[in-house]
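Line order of the protein sequences matches chains Y and F.
Residues in the first sequence are numbered consecutively from 724, following my numbering.
Residues in the second sequence are numbered consecutively from 10, following my numbering.
All C-beta atoms, glycine included, are put in the ideal place defined by N, C-alpha and C.
Please read these numbers as outputs of a predicted model, since none were measured by experiment.
Input: a single structure, listed below in structure tokens.
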Amino acid sequence: MKESNNDRELVEKFVSGNEAAFNLLVKRYREKIYWLARRMTGNHLDADEIVQQVLIVMYKKLKTFKFQSSLYTWIYRITATRSLNVIKKNKIRSFLSLEDEINRIGTTGEDIIRDIEEKEKMDRVNKLLQKIPPKQREVFVLRNFDELSYEEISEITGKSIGASKANYFHAFKKLKELIDENRE
Amino acid sequence: MKTENDELIIRYIDGQLSNIEKTGFEKKLQTSEELREKVEEFRRVANEFSQTEFRSIDEDYFNNIVPAFRSSLEKEKLRPVRRIGYAIIGVLLFISSYFILRNYVINNDDSQSLQAITENLSEEELDEIADYVSDYSWDASSNESIINPVIEDDLDIESFLSGISPEEGYSILSGYQINDLYSEASEEQLQNAYEELLNKEIL
């Protein structure tokens with residue numbers, strides 16, 4: 724993935740007080756943030772919550788962003804971390820209230836996908852993704868859906884390239900097994 | 010052998026084979042129908058999880074992201090006192106859970122103790138508490154902990170915890186020692202306890 728040419732310019736404008744520049748940055752990255760969060764958590768409501776969290780972090784932290792990494796890997800990193808936190812939060816929440824996490828996610832009917840066929844496919848894919856460990860899911864989603872290189876994935880996850888490749892392999896293998904099981 | 014093949018196929022589809030490996034693999038592909046079928050199976054899996062262009066998406070949702078963000082930013086500014094309150098409850102609940110899990114005595118009575126604490130909380134309150142507990146992990150975007158401002162002292166929580174019985178732990182649940190506990194634990198100590206809690210299978 725290539726960094727957009729004027730990311731730096733927009734960040735600088737925002738830091739010097741131009742709020743509209745922040746809105747343009749959001750417009751540029753909102754869909755990437757949403758779909759990564761959606762695939763990580765498996766549902767719209769959590770993805771929506773993550774989008775808002777990511778924007779708040781961006782808004783507060785952009786002032787200290789020094790472009791030591793690309794803006795998009797930074798945004799992906801925040802999104803991935805927030806997604807993992809929401810997954811943890813759901814587990815903690817289900818533990819505290821002793822309710823079934825799967826049931827909670829299953830009851831969220833709200834969605835932005837209007838086409839029934841597309842929604843069914845998204846649900847089918849998400850259901851399978853939720854069955855692999857979150858860290859493997861993170862690498863798999865970044866690689867397959869976002870088509871990022873292992874160097875970029877490594878920068879986002881903070882893990883080595885080798886570890887990312889291993890996570891991808893295990894995720895892929897497990898997903899294939901799950902698909903095979905469903906066919907039987 | 011099977012796993013080796015799987016690994017090779019996945020790396021082939023993923024474009025991760027070296028030129029030499031790729032040439033060798035494609036030679037095998039030409040001569041083995043079984044291998045060709047297997048590669049196709051893996052390809053179908055990869056395609057199932059590839060980028061999708063949606064024909065029909067609610068564009069209003071994306072258009073409303075900025076207004077929704079501006080509104081939540083305003084709300085954020087208005088509730089700092091409440092946030093610290095929930096942070097304290099969050100720390101308390103996770104330490105309480107720690108006691109239950111640490112002693113490996115997860116049975117109905119223990120679950121009920123925890124349930125008794127949480128049953129009077131609203132959905133929103135439970136969400137906020139879970140938020141603070143989950144936010145307590147490392148965050149790539151921030152080295153600050155939401156709990157940090159309320160914990161200033163440094164004490165060895167390991168010895169503090171090891172000297173406490175489950176019953177005493179439960180008394181913390183009922184609130185007798187809350188203030189002592191959170192003022193005595195350092196961020197690092199709570200982090201260790203939290204990580205241990207998260208590593209338990211129940212979470």
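Residue i: contacting residues in chain F (beta-carbon distance under 9 Å)
i: Y:Lys888; result: Arg20, Asp23 and Gln25
i: Y:Phe892; result: Asp15, Glu16, Ile19, Arg20 and Asp23
i: Y:Val848; result: Glu57, Phe58 and Thr61
i: Y:Phe868; result: Phe58, Ser59, Gln60 and Thr61
i: Y:Tyr795; result: Chain F residues near Y:Tyr795: none, gap ~14 Å exceeds 9 Å.
i: Y:Arg753; result: Phe71, Ile74 and Val75
i: Y:Val749; result: Ile74, Val75 and Phe78
Reduced DSSP secondary structure (H/G/I, E/B, other) of residue i
i: Y:Glu870; result: coil
i: Y:Arg906; result: helix
i: Y:Ile835; result: coil
i: Y:Asn729; result: coil
i: Y:Ser793; result: coil
i: Y:Gly941; result: Nothing can be reported for residue 941 of chain Y, as the shown portion of chain Y is limited to 724 through 907.
i: Y:Ile855; result: coil
i: Y:Asp846; result: helix
i: Y:Lys784; result: helix
i: Y:Gly881; result: coil
i: Y:Phe892; result: helix
i: F:Thr61; result: coil
i: F:Gln25; result: coil
Segment limits, alpha helix (DSSP H) that includes residue i
i: Y:Ser739; result: Y:Ser739 -> no alpha helix (DSSP H), and no H or E assigned at all.
i: F:Phe34; result: Asn28 to Thr40
i: F:Asn2; result: A question about residue 2 of chain F goes unanswered here, because the residues of chain F that appear run from 10 up to 212.
Residues that residue i contacts on chain Y, provided the C-beta gap is smaller than 7 Å
i: F:Arg64; result: Asp838 and Glu841
i: F:Phe51; result: Lys899
Cutoff 6 Å; reference residue i; Cβ partners in own chain excluding five residues on either side
i: Y:Pro857; result: Leu807 and Ile810
i: F:Tyr21; result: Phe34
i: Y:Arg805; result: Ile773, Gln776 and Val777
i: F:Asn14; result: none
i: Y:Tyr757; result: Ala770 and Val774
i: Y:Leu865; result: Leu871 and Ile876
i: Y:Ser780; result: Correcting the residue type first, residue 780 of chain Y is Val in the shown sequence and not Ser. Within the same chain, Y:Val780 has close Cβ partners Ile801.
Contact list for residue i against chain Y, beta-carbon separation under 8 Å
i: F:Val229; result: The structure shown has nothing for residue 229 of chain F, since chain F only spans 10 to 212.
i: F:Val48; result: Simply none; closest approach about 12 Å.
i: F:Ile29; result: Residues of chain Y passing the Cβ test: none, with the nearest at roughly 18 Å.
i: F:Phe34; result: In chain order: nothing, as chain Y lies at least about 16 Å away.
Chain-order list of residues whose beta-carbon lies under 8 Å from that of residue i (same chain, five-residue window excluded)
i: Y:Gly765; result: Ile828, Asn849, Lys850, Leu852 and Gln853
i: Y:Phe737; result: Ala744, Phe745, Leu748 and Leu785
Under 8 Å from the C-beta of residue i: neighbouring residues of chain F
i: Y:Ile779; result: Phe78, Ser81, Leu82 and Glu85
Cut-off 7 Å between Cβ atoms - residues of its own chain near residue i, not counting five sequence neighbours on either side
i: Y:Ile884; result: Tyr873, Glu874 and Ser877
i: Y:Tyr891; result: Val862, Phe863 and Arg866
i: Y:Lys888; result: Tyr873
i: F:Leu17; result: Phe34
Interface residues of chain F facing residue i [CB-CB closer than 7 Å]
i: Y:Gln775; result: Ala77, Phe78 and Ser81
i: Y:Asn746; result: Val75
i: Y:Ile835; result: Ile66, Asp67 and Tyr70
Would you call the region 51-69 of chain F and the region 834-847 of chain Y touching, i.e. three or more CB-CB distances under 8 Å?
-> yes
For the region 888-901 of chain Y and the region 54-63 of chain F, state whether three or more C-beta atom pairs, one from each stretch, are separated by less than 8 Å.
-> yes
Using 8 Å as the Cβ pair cut-off and three pairs as the minimum, do the region 746-757 of chain Y and the region 730-738 of chain Y touch?
-> yes
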